[in-house]
Every structure is written in structure tokens, then in C-alpha cells.
């Protein structure tokens with residue numbers, strides 16, 4: 001790493017984040033479980049467990065479609081779900097800024113309760129720290145989660161995408177990031193952009209029923225669809241080719257992105273899942289997603305090819321191919 | 337709760353912290369596992385697991401005897417150990433302030449690695465967020481941990497203290513809180529006060545070997561020995577009586593506390609364990625602790641009585657009894 005100081009970009013989920021993880025955290029912590037760099041770690045402990053953690057620092061803490069509490073529960077549930085694990089317990093650790101109102105905290109905690117009920121998981125342990133005014137920004141929440149893996153099938157993993165597989169996306173992209181951004185900057189569009197923040201274990205259950213042999217699942221959060229596809233291509237050593245016209249984007253979101261010069265492929269989602277499945281299962285998985293409340297606009301967006309390994313190609317609406325890279329900079333800080 | 341806003345005291349581990357937990361978090365999240373309010377939650381998932389989380393916001397991030405990284409690993413290892421669980425996996429989530437130096441972060445992460453090696457546990461998953469300058473104070477770390485419980489014995493629990501039990505403390509109190517405080521305020525004493533920050537699973541293993549039927553274990557962190565004894569007395573519905581002269585305090589720490597008007601019984605420890613054991617096992621447990629590198633100054637500090645239930649009594653050096661209450665205010669903010 002050439003940098004001496006932490007930049008906002010180190011938290012943006014793009015190339016600088018990857019540098020930080022590999023250059024610093026893996027340098028010290030390296031072990032086979034962590035090195036897999038899944039969104040959840042897989043642990044052998046009697047039964048097979050998935051274990052995940054995420055800190056949430058979204059600003060503002062309330063936004064159309066959710067709040068930091070709902071986000072904290074959904075983000076962790078979705079990381080477990082991506083590993084094919086049923087969430088069995090969550091923890092919640094709060095860092096509160098002195099002066100936060102109880103009314104706001106109550107609203108956040110109530111929203112966590114509601115999201116965890118929908119995901120059928122309990123918050124079983126927690127912690128609270130308070131720091132002086134100015135030492136944090138209102139509230140930060142770190143949730144960790146434990147999930148139980150089925151013994152009956154090989155769990156989906158980021159290194160299992162194979163040439164010939166279909167790439168399926170559960171719905172529209174960029175809703176979450178643009179909703180938070182619009183709220184924070186006070187930008188008004190024709191209609192309000194709403195975050196897609198949702199707990200996806202139910203959707204994932206339907207996908208696993210339709211295709212027990214799903215190769216990869218991943219929720220495209222920070223860095224957007226582009227970052228997630230690049231991670232999967234790199235870890236599986238394959239090329240992923242997706243079609244621009246196949247990727248659903250809400251019209252308001254598309255307009256907002258164009259106005260602000262932001263590529264929706266780089267914008268975070270909090271209620272979407274990518275599934276990479278054997279081609280023969282693709283139609284069944286698509287149908288299963290579309291039958292679920294959070295997958296109504298699912299699409300087969302592309303396929304896995306053998307080479308060039310580690311690359312993502314975007315077939316544009318005009319029919320040309322371009323390389324879709326991981327965003328390197330910091331497009332939208334503090335969207336999760 | 338009568339308060340409208342979060343105060344520093346809500347994070348101090350005393351009465352206001354308890355109000356926040358019961359009045360707000362339990363109101364929303366109530367479930368049998370969380371309601372037990374152990375430092376770890378016990379989960380049934382194939383085998384029995386303990387699950388715990390803590391955020392660390394200590395200021396300064398480096399102090400004599402440790403740093404925020406060592407503290408984050410030890411704190412979580414010790415919460416699992418108190419539940420009688422062998423730590424099997426840790427997660428680490430970082431909230432970094434833009435501008436933090438890589439050199440500092442590297443030092444912190446290296447220290448986490450060292451502490452986790454000593455505790456024989458791996459950090460298997462993590463997360464990093466970066467917030468703009470002024471939105472956090474350098475670095476906050478949230479660690480969560482999973483521990484495996486033995487199937488062969490009833491695990492120690494905060495509600496198992498019984499009349500007649502002996503109360504054993506593994507060493508001197510108030511070292512950690514006073515070390516951090518002195519460093520932060522730039523106060524110099526005759527010699528440097530050093531934090532006791534240490535991973536205690538090894539010590540706990542020796543205690544469990546000496547007394548498989550240990551009733552309670554708890555590491556007296558925020559709120560100090562006073563807060564922890566009060567929690568145990570309340571949850572077990574017993575009276576705990578301890579002798580002031582039996583509680584070891586390093587001379588420098590005692591002088592510093594006197595100078596600053598702070599009761600060492602209210603000051604956080606990060607490398608001490610309280611064990612409440614059947615009287616017949618007391619000498620064996622004491623010997624086991626004293627044989628361990630982190631228990632050289634262990635003492636039997638008191639005993640459990642039937643009534644008044646929920647109270648802690650301190651037998652003073654003069655022979656009188658006084659009620660030892662949970663600290664209500666905020667004595668030392670951001671010591672962990």
C-alpha cells in the first residue's frame with residue numbers, strides 16, 4: 001500500500017477497500033477461514049456454522065424505505081443468506097453519540113425488532129457504548145450473525161462459478177444508494193426514491209429449493225453490482241458477461257444517476273441477491289424469485305465464460321462489449 | 337426512563353446503562369436468550385454455543401499495557417470465557433476516521449493478532465467502514481465471538497450463586513481504568529500504571545479443571561467490581577459480602593484513586609475474573625488461579641449469603657458493613 005493515511009475510499013467497497021483488506025488485515029490475521037473472504041465465514045463447530053459481521057454508519061440514519069436499524073439487521077441476515085445459511089442468532093452493538101434522542105433510538109431499535117421478526121431470527125446479545133458529542137455521528141451499529149448450514153448440500157461459495165452458469169439478479173439495482181444520497185443531499189426527484197433494504201433469507205430459501213446446487217450467491221452492497229461481479233469473477237477464476245439491457249433499473253433511479261453522473265452499476269443495494277446457477281436450473285430459479293415478494297423483477301442478466309479469467313464484461317445496449325471494472329474511488333460514502 | 341437524550345452515563349456500565357438496556361433494548365428485543373443478560377448469549381445450534389459482542393471506543397487508543405486492538409480481542413475472549421465457553425471464532429468490525437495513519441492501524445491489527453494467538457482463536461470475518469474526519473474518533477472496533485460449551489457440565493451463569501459459596505477474585509483491581517485515565521489526562525504518578533488487559537481463557541480453563549461446578553464467572557469491566565458483584569447478586573437473588581482488606585489493589589493505583597477521589601471498586605478491569613464456587617472448592621480454585629500467570633495475586637474476597645437478596649455488602653477495614661452499590665454516574669468514560 002502506498003498510502004500513509006486512511007481515506008474515505010478505503011471504506012467504499014472498491015479497489016482501495018480490497019487493498020486495505022489484503023495489504024493490512026490479511027497480512028496479520030491470515031487463516032484459512034478468513035482467507036476465503038466470503039461475506040460470512042464458515043466454521044466447523046459440531047454443526048457447520050456461518051459467521052458474519054458488519055458495521056453500519058449510514059448518514060442520514062432515517063431514509064425512505066428504512067433506517068440504520070433495519071439496514072443493520074438486513075445486511076447481516078443477507079450475508080448469512082448468501083452463504084446459504086439460516087440465520088439463528090444476531091448480536092447488536094451500539095456506539096451512541098451523547099445527546100442522541102431516545103425517541104430516535106427507540107425508533108431505530110423498533111425497526112430492528114421488526115426486521116429481525118421478518119427474518120425469523122432473534123437478537124440474543126448486545127452492547128452499548130456512549131461517546132462524547134462530536135466523537136461519533138449520532139449512532140453506529142455493528143451487527144454480527146450466526147447461521148446454520150445444511151449438511152445436505154455444498155454451500156454456495158464465491159469461488160464456485162463455472163463456465164456455462166447463468167447469472168440471475170433478483171431485481172432493480174441502485175435503489176438503496178440513491179435513496180440515501182437523495183435524502184442526505186436534499187435532492188428531490190419527480191417521485192421519492194425508496195431504498196430496497198429487505199431481509200432476503202426467504203428469497204434465498206426459494207432459490208435453494210429451486211436449485212439445491214446454486215454455485216454462488218452474493219448481495220451486491222457497497223461498490224454495487226460491478227464490485228460484486230468482479231469479486232465473484234476473481235474468486236472463481238472465470239469471466240462473467242452481463243447484458244446492460246437485462247439489468248433492471250427503476251426509471252427514477254436511472255434519471256437520478258444520469259443527472260449526477262453516477263453509474264448505477266456502482267451503487268449499493270440492500271435488498272438484492274445475485275445467484276449464479278447451472279444453466280439447466282436458470283428458469284426454475286428465475287420463476288422462484290419472481291414468485292417471491294422481493295424478487296418480482298428478477299432477470300437472467302448474463303452467463304459465466306471461461307476467459308478472460310477474473311474479468312467482467314458488459315454487453316452494452318448498442319451490442320459492444322466493455323470491461324466492467326470495480327469502482328476505485330469513493331462514489332457514495334456512508335450509504336451503509 | 338425519564339431522560340429524553342443519551343448521556344455519557346448511559347454507557348458507563350452503571351445504573352443508567354441498566355435502565356437503557358431494560359427500558360429500551362429489552363422492551364423491543366425481548367427473547368429468552370437475550371433476557372438472560374449474560375455477557376454471552378447461549379445458543380442451541382447442534383452443539384451449545386456462546387455468542388457475545390462488544391464495541392471498543394477507548395481513548396487514547398494506545399495506553400500502557402495495551403491498545404484498542406488488544407482490548408477488543410481480550411474483552412470478547414473474556415466474555416466467552418466467563419460463560420465457560422472455549423472461544424472458537426472472532427469477528428472484527430472497524431469504523432475508521434478518515435486520516436487515521438496506516439502505521440497506527442497496523443500496530444492495532446498486529447496487537448489483535450498477538451492477543452488472538454495467545455487466546456488460541458482466529459479472527460475469521462470482518463468489516464471496515466470509513467467515515468469523514470470529525471464523524472468518529474480515530475478508530476472504533478467491534479468484536480464478536482463464538483464459543484463452544486462443554487456438554488458435560490452445567491455452564492457457569494450469573495444466576496447460579498448460592499448461599500455458602502466463596503467469592504474469588506483473580507488479582508488486583510482498577511489497573512486498566514486508571515492506566516487509561518492517567519494516559520489520557522497526562523497524569524504522571526511515581527511509576528507508570530499498566531493496564532491488566534489479558535485474554536483469560538487459559539485462567540478460566542484452570543478454574544474449571546479445579547472446580548467443574550463453578551457457579552458464576554464474570555470479568556469485572558465497566559462499572560468495576562462493584563457493578564459486577566451487584567449484577568451477580570441481583571440475578572442470583574442472593575447477598576454477596578466481600579471484605580475490603582481482601583481485595584488486592586496495587587499501591588500506585590490506590591494512591592492515584594485517592595488523589596482523584598475515585599473508588600477503585602468502581603474502576604474497570606480488563607484482565608480479571610470473579611469466580612463464585614462451592615465453598616469446598618474454594619481453596620482448589622484459589623491455588624489453580626495462583627498457579628496461572630494471570631492469577632498470581634488471586635484472593636478469596638468474600639462469600640454468598642441468603643439475604644438481603646440482591647445486595648452487596650462491603651466489610652470495611654474497620655470492621656463495619658456498608659452497602660456497596662452500582663456506580664450510577666459516569667466515572668471514567670471511554671475506558672473500553
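Residue numbers (the numbering used here), protein chains in the order written: chain A, 1 to 336; chain B, 337 to 672.
Even for Gly, the Cβ is constructed at its ideal location relative to N, Cα and C.
Only a predicted model underlies this, so the values are computations on that prediction, with no experimental measurement involved.
Along the beta strand (DSSP E) that carries residue i, what are the first and last residues, could you check?
i	result
residue 480 of chain B	475–485
residue 540 of chain B	It is not in any beta strand (DSSP E) - residue 540 of chain B instead sits in the alpha helix (DSSP H) that spans 537–546.
residue 89 of chain A	85–97
residue 125 of chain A	123–131
residue 649 of chain B	648–651
residue 642 of chain B	No beta strand (DSSP E) contains residue 642 of chain B, which DSSP labels as neither H nor E.
residue 505 of chain B	502–505
residue 610 of chain B	610–613
residue 323 of chain A	321–323
residue 553 of chain B	552–554
Taking Cβ to Cβ, would you say residue i is nearer than 8 Å to residue j?
i	j	result
residue 424 of chain B	residue 457 of chain B	yes
residue 499 of chain B	residue 642 of chain B	yes
residue 169 of chain A	residue 244 of chain A	no
residue 171 of chain A	residue 297 of chain A	yes
residue 531 of chain B	residue 400 of chain B	yes
residue 7 of chain A	residue 15 of chain A	no
residue 269 of chain A	residue 187 of chain A	no
residue 459 of chain B	residue 62 of chain A	no
residue 612 of chain B	residue 640 of chain B	yes
residue 541 of chain B	residue 386 of chain B	no
residue 529 of chain B	residue 475 of chain B	no
residue 409 of chain B	residue 426 of chain B	yes
residue 565 of chain B	residue 552 of chain B	no
residue 411 of chain B	residue 492 of chain B	no
residue 284 of chain A	residue 211 of chain A	yes
residue 384 of chain B	residue 485 of chain B	yes
residue 327 of chain A	residue 256 of chain A	no
residue 674 of chain B	residue 598 of chain B	Outside the shown range of chain B, which is 337 to 672, sits residue 674 of chain B, and nothing can be said about it.
residue 600 of chain B	residue 635 of chain B	no
residue 142 of chain A	residue 478 of chain B	yes
residue 12 of chain A	residue 223 of chain A	yes
Span of the alpha helix (DSSP H) holding residue i?
i	result
residue 112 of chain A	102–118
residue 176 of chain A	175–185
residue 194 of chain A	No alpha helix (DSSP H) holds residue 194 of chain A; DSSP gives it neither H nor E.
residue 289 of chain A	282–290
residue 18 of chain A	15–20
residue 27 of chain A	26–29
residue 370 of chain B	368–371
Thinking residue i and residue j are a contact (beta carbons under 8 Å), I'd like their distance in whole angstroms, please.
i	j	result
residue 82 of chain A	residue 219 of chain A	6 Å
residue 119 of chain A	residue 201 of chain A	5 Å
residue 473 of chain B	residue 521 of chain B	Going by Cβ atoms, the distance from residue 473 of chain B to residue 521 of chain B rounds to 16 Å, so no, they are not a contact pair.
residue 618 of chain B	residue 545 of chain B	No, residue 618 of chain B and residue 545 of chain B are not in contact; Cβ-Cβ is about 15 Å, not under 8 Å.
residue 102 of chain A	residue 341 of chain B	7 Å
residue 125 of chain A	residue 515 of chain B	The Cβ separation is near 27 Å, so there is no contact.
residue 52 of chain A	residue 26 of chain A	Not a contact, Cβ separation roughly 17 Å.
residue 161 of chain A	residue 214 of chain A	That pair is no contact at about 11 Å.
Who are the near neighbours of residue i in its chain, counting only those whose CB is closer than 6 Å to its CB and skipping five residues on each side?
i	result
residue 177 of chain A	267, 268, 332 and 335
residue 414 of chain B	536 and 555
residue 489 of chain B	548
residue 422 of chain B	483 and 484
residue 582 of chain B	635 and 637
Spatial neighbours of residue i within its chain, please: C-beta separation below 8 Å, excluding the five flanking residues on both sides.
i	result
residue 659 of chain B	647, 648, 649 and 650
residue 1 of chain A	With a pLDDT of 47 at residue 1 of chain A, under the threshold of 50, the modelled position of that residue is not reliable, and no figure is offered here.
residue 110 of chain A	69
residue 291 of chain A	206
Whose C-beta lies closer than 7 Å to the C-beta of residue i among residues of the same chain, with five residues either side of it excluded?
i	result
residue 407 of chain B	392, 394, 533, 606 and 672
residue 615 of chain B	500, 501 and 502
residue 128 of chain A	94 and 96
residue 191 of chain A	252
residue 631 of chain B	506, 507, 539 and 625
residue 511 of chain B	529, 530, 531, 532, 586, 589 and 605
residue 652 of chain B	580 and 658
Query raised in the report: Going along the chain, which unbroken runs of the beta strand (DSSP E) with 3 or more residues stay wholly within the region 556–588 of chain B?
Result: 575–579
Query raised in the report: At which residue ranges does the region 375–412 of chain B contain complete beta strand (DSSP E) runs of 3 or more residues, listed in the order of the chain?
Result: 377–381 and 383–392
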